[in-house]
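Sequences listed follow chains B and G, in order. Count along the first sequence from 1, add 77, and you get the number used in the working numbering. Count along the second sequence from 1, add 77, and you get the number used in the working numbering. Just so it is clear, CB atoms sit at the ideal spot from N, CA and C, and this is done for glycine as well. To start, the structure under review is shown below, and the notes come after it.
Number of protein chains: 2
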Amino acid sequence: MVSLKDVAQRAGVSRSAVSRTFTEGASVAPATRARVVEAAEALGYRPNLLARSLTTRTTGLIGLVSNNFRNPAFLEIFDLFTRGLQERGLRPLLVNLTDEVDPARSVGLLRQYSVDGVIVASSTLPTAFARAFREAGLPTVLAFGRVAGEAGVDVAAIDNVAAGRLAAETLLARGYRRLGFLGGPEGATTTIDRLAGFRAVAGDVRHRFAAAYSFEAGRDAMRAELDGLAEAYFCGDDVLSIGALSALRDAGRSVPEDVGLIGLNDMAMAGWDNIRLTTIRQPFAEIVGGALDLLGDLLRTPDKAPEVRVYPCALVERDTLRRPS
Amino acid sequence: MVSLKDVAQRAGVSRSAVSRTFTEGASVAPATRARVVEAAEALGYRPNLLARSLTTRTTGLIGLVSNNFRNPAFLEIFDLFTRGLQERGLRPLLVNLTDEVDPARSVGLLRQYSVDGVIVASSTLPTAFARAFREAGLPTVLAFGRVAGEAGVDVAAIDNVAAGRLAAETLLARGYRRLGFLGGPEGATTTIDRLAGFRAVAGDVRHRFAAAYSFEAGRDAMRAELDGLAEAYFCGDDVLSIGALSALRDAGRSVPEDVGLIGLNDMAMAGWDNIRLTTIRQPFAEIVGGALDLLGDLLRTPDKAPEVRVYPCALVERDTLRRPS
DNA sequence: CATATTTTTGCAAGCGGTTGCAAGGGCTGG
DNA sequence: CCAGCCCTTGCAACCGCTTGCAAAAATATG
C-alpha cells in the first residue's frame, strides 16, 4: 500500500506538502502541488480515509440500521438511502438488526467503527434503539418511525395516526360499514398509531395483528378473519394487503365488492397490473431526502434541537376499493 | 471519546497493558486485566477499531457492492449477506453501483476505506468490476455472476448455461414447441449464458431483452412480443416473468394453456398464491454461504488460487406451465 | 536461599495521516 | 537596494492503538 511518505519521497517534498495537496483549502504552491499530484498518480496513491479520520474525527461512515429485510418496500428505501448518502460523500455501513434486542450492542458496534451518524430506517424497531444511539452521542435520525413523542431524536416520517384516519374516512366514504384493521407487528409504534387513527374515526373496530410485514403473515391473518369478516380492512402495509387479498380470493370473496382492502406504502408492487392495490402512499423519496437533510444538519451542528419532519400521505386509487358513488 | 490513555490512567497501568487486555492472546496478568476491565467499564471504553486497523492492517470492513436495487430478490440476498457477515465479525460497507460505469472509481473508494475484501453481488454488473477489484489487490468474490472464464476471481453462482438448458428441456417436455427467450439486460453475462444454454437445446429461438430486471420491463417486453407470440417463454428472472404474465393476461392470453412461462430465481414472491410462477430455483442461501466461505478463505490466504463454486438449480413446479402429461 | 526461567510490564517507535508554528523565500513598494 | 509582507514549506507533535524489545517481577529449580 502506497502512503503519504512514498509520495513525498518521490516528489521530493515533505509529508505535510502532500497531505496539504489532498486537503481542501490548504496552502500549497501550484508548482509543488503539480509535482505531488504527478507523483501520486504515478504511484496510484489515495489518502487513507480511516487514518485521516483519526485526526479529523470524521469518518464519513453512516450507520444505516434496519430490521426490515423482508419487505420489498425497503429495497426501494435502501436504494434511495445509499444513493443519497453517496451523493453527499458519505458511506453506509449497513447494520441488520433482525433478531437483535439489545440496543447497547448496536451502540458499541457503531461507536467502534466511529460512524459519524446513524440512520434508523425502520417502522418496527423499538424506539429504544434510536434513543440509545442518540444518548450515546451519535447523531441519529429516525426514518419511517413515529413522529410524536420520540423526545430527542430527529424524525422524518408520515403521521401514522393521520394515515389511520385517512384510511377509515376513505372506507366509510366508499360505503363500507363494518370496518376491520389488519395491522403489522403488534408492538410497533407505527402499528399502534395507525390503529389509533383508524379507531378515532371508525370507532372500536375489530383488529388483528400480523406477525411480520410479509405476504404469509398477511395471508394467515386474513384467513383467521374469514369467519366474521368485516366489510373492509385497512392493512398495515402493502405486502400484508397482498397476502390478505390472496386469502380473500382463495376463499371466494370478491374484492372490492364483497370486501374492500386498503394498504399503506404504495410500493412499486402495489401498482403492478395483476395486483392494483388501493393504498395510501408514503412518499419514500421525500422522506429519505428529508432524513438525509436532517442528518446533514445534525452533522454540521451536533447539538441542534431535534426536529420532526412530517410528510403527507395520499390516497392512491386502484382496484381493491369500490369507487366513490 | 474515551481512549486507551484514559483507561490506562484510571487503572494505573501503561497504555500497552490496556491494549493487551483487549487483544486476543496477549500476555496480561489476571490481576491487571481485572483492574483494566473495571476501569474500562467505568469509563465506557471500547477500542477504536479504525485506529487499531492502522497497525493491524485489517478493518473488518467488507465492500458489499451491487447494482440490483430494483429486484426484490436482492433484498433477500442482502439480508443473507449482512447476517452472514455479521456472524463472521465483518461489517458490510454497502456500495450502490447503479448508474456507475467506471470500475476505477469504485476501486478508489474501496481502497480509501481500506476494506478487507469485497463481495460483488450482482448478476448484471460488467465483469470488469470484479476483475478491477481483484487486480487492485482486493480479495474479491463474485456472487450471482458468470461461473466460467472469469479468470482470477472467486465465484459462487449457478451455471446459467445449465439453467438455460433446463428451461428449454422443461418447456419441450411439456409439449410447448415454438419457444421464446425473454431475457434480462442484453449485455449481462448471465443473460448471455442463459440464452446460450436455452438455444443449445431449443435451437435458434426468437428472443428479446428487457431493459432491466423489473416488472415494467418484463411487461413491456412481453407486450412487444404479442404479435408473433411463441408458445412458451423462458424469462430471465421472476420479476420479469411476473411482468410478462401481466401483459399476457391483459391481452387475454391464458397462462399456461395458450402460453407457458418459466422464470428464474424462485424469489419469495414467485410462490405467492396469486402469482404461483413456475420457475427455476437459485439456491440463494447456499450461494451466499458459499460466497462468504470463499471470502473467508481468501482473507486467510490472500493469494490462494481463485475458486469457482457452482450450485445446482432445480425446477419449481407451480402454475405457469402445463403439467407433464 | 541463590539462581535460572518464565511472565508481565513499560518504553518507544510506528501505522497513515493532519496541523500549529516558526522559518524560509519571493514579491512588492519605496 | 532594502524593508516588509505574505505565501509556502518543513518540523514535530499528535490522533488512538499495536508491538518488538528489554527490564522488572514473579515463579520454578536445585
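Taking 3 residues as the minimum length, the beta strand (DSSP E) runs contained wholly in the region 204 to 275 of chain G are 217 to 220, 231 to 235 and 256 to 260, in order along the chain.
Contacts with chain G at 8 Å (Cβ-Cβ) include Asp-327 (chain B). In this structure, Asn-148 (chain B) lies near Val-316 (chain B), with their beta-carbon atoms less than 8 Å apart.
In this structure, the straight-line span from the alpha carbon of Thr-109 (chain G) to that of Val-90 (chain G) is close to 8 Å. Using a Cβ distance threshold of 8 Å, Gly-241 (chain G) and Ala-273 (chain G) count as a contacting pair. Excluding sequence positions up to five before and after Ala-150 (chain B), its CB lies within less than 6 Å of the CB of Asn-342 and Met-344, all in the same chain and listed in chain order. Chain-ordered listing is empty here: chain G has no CB closer than 7 Å to the CB of Leu-259 (chain B), the nearest sitting near 17 Å. Using beta-carbon distances, Asn-342 (chain B) does not count as an interface residue toward chain G, since no partner is under 8 Å. Look at Arg-386 (chain B) here: in three-state DSSP terms it is strand.
Contact check between the region 110 to 127 of chain G and the region 174 to 192 of chain B: three or more CB pairs, one atom from each, fall below 8 Å, which counts as touching. Identification of residues in the region 121 to 133 of chain G having a C-beta nearer than 8 Å to some C-beta of chain B yields Arg-123, Pro-124, Asn-125, Leu-126, Leu-127, Ala-128, Ser-130 and Leu-131, given in sequence order.
Here Ser-96 (chain B) carries a helix assignment [DSSP, helix/strand/coil]. As the crow flies, the alpha-carbon of Phe-155 (chain G) is around 8 Å from that of Phe-146 (chain B). By DSSP's assignment, Leu-341 (chain B) forms a beta bridge with B:Ile-357. When DSSP reads this structure, Gly-194 (chain G) sits in a beta bridge with G:Ile-139. Annotated as distal: Ser-199 (chain B) and Gly-229 (chain B), with beta-carbon spacing of 8 Å or more. In the three-state reduction of the DSSP assignment, Val-178 (chain G) falls in the coil class. In terms of beta-carbon proximity, Thr-136 (chain B) lines the interface with chain G, with at least one pair separated by less than 8 Å. From the listed residues B:Arg-399, B:Leu-392, B:Arg-386 and B:Ala-362, the smallest Cα separation to Thr-159 (chain B) is found for B:Ala-362. Contact residues of the region 170 to 185 of chain G toward chain B are Leu-170, Leu-171, Val-172, Asn-173, Thr-175 and Gly-185 (C-beta to C-beta distance below 8 Å). The alpha-carbon separation between Ala-225 (chain G) and Leu-243 (chain G) amounts to approximately 18 Å. Residue-level contact by beta carbon holds for Tyr-190 (chain G) and chain B, with a gap shorter than 8 Å.
Taking 8 Å as the threshold, the shortest C-beta distance from Gln-359 (chain G) to chain B does not fall below it.
Within the region 359 to 388 of chain G, no residue has its Cβ closer than 8 Å to any Cβ of chain B. Within a 10 Å sphere around the beta-carbon of Gly-329 (chain B) sit fewer than 16 other beta-carbons, which makes this residue exposed. By the criterion of at least three beta-carbon pairs nearer than 8 Å, the region 129 to 139 of chain G is not in contact with the region 110 to 121 of chain B. When the alpha-carbon of Thr-267 (chain G) is set against those of G:Ala-213, G:Leu-202, G:Ala-324 and G:Arg-211, the nearest one is in G:Leu-202.
Check the Cα spacing between Gly-140 (chain B) and each of B:Leu-187, B:Asp-281, B:Gly-214 and B:Ile-357: the tightest is with B:Leu-187. Following the DSSP letters along the chain, one finds Val-393 (chain B) inside the beta strand (DSSP E) bounded by residues 391 to 393. Using beta-carbon distances, Asn-144 (chain G) does not count as an interface residue toward chain B, since no partner is under 8 Å.
Taking all protein chains shown into account, Gly-280 (chain G) has fewer than 16 neighbouring C-beta atoms within 10 Å of its C-beta and is therefore exposed. Under the 8 Å criterion on CB atoms, Asp-314 (chain B) is classed as non-interfacial with respect to chain G.
For Phe-99 (chain G), not one C-beta of chain B is nearer than 8 Å to its own C-beta. In the structure shown, Arg-326 (chain B) falls within a helical segment according to DSSP collapsed to helix, strand and coil. At a beta-carbon threshold of 7 Å, the residues of chain G lying near Gln-163 (chain B) are Asn-173, ordered along the chain.
Secondary structure at Arg-168 (chain G): strand, using DSSP grouped into helix, strand and coil.
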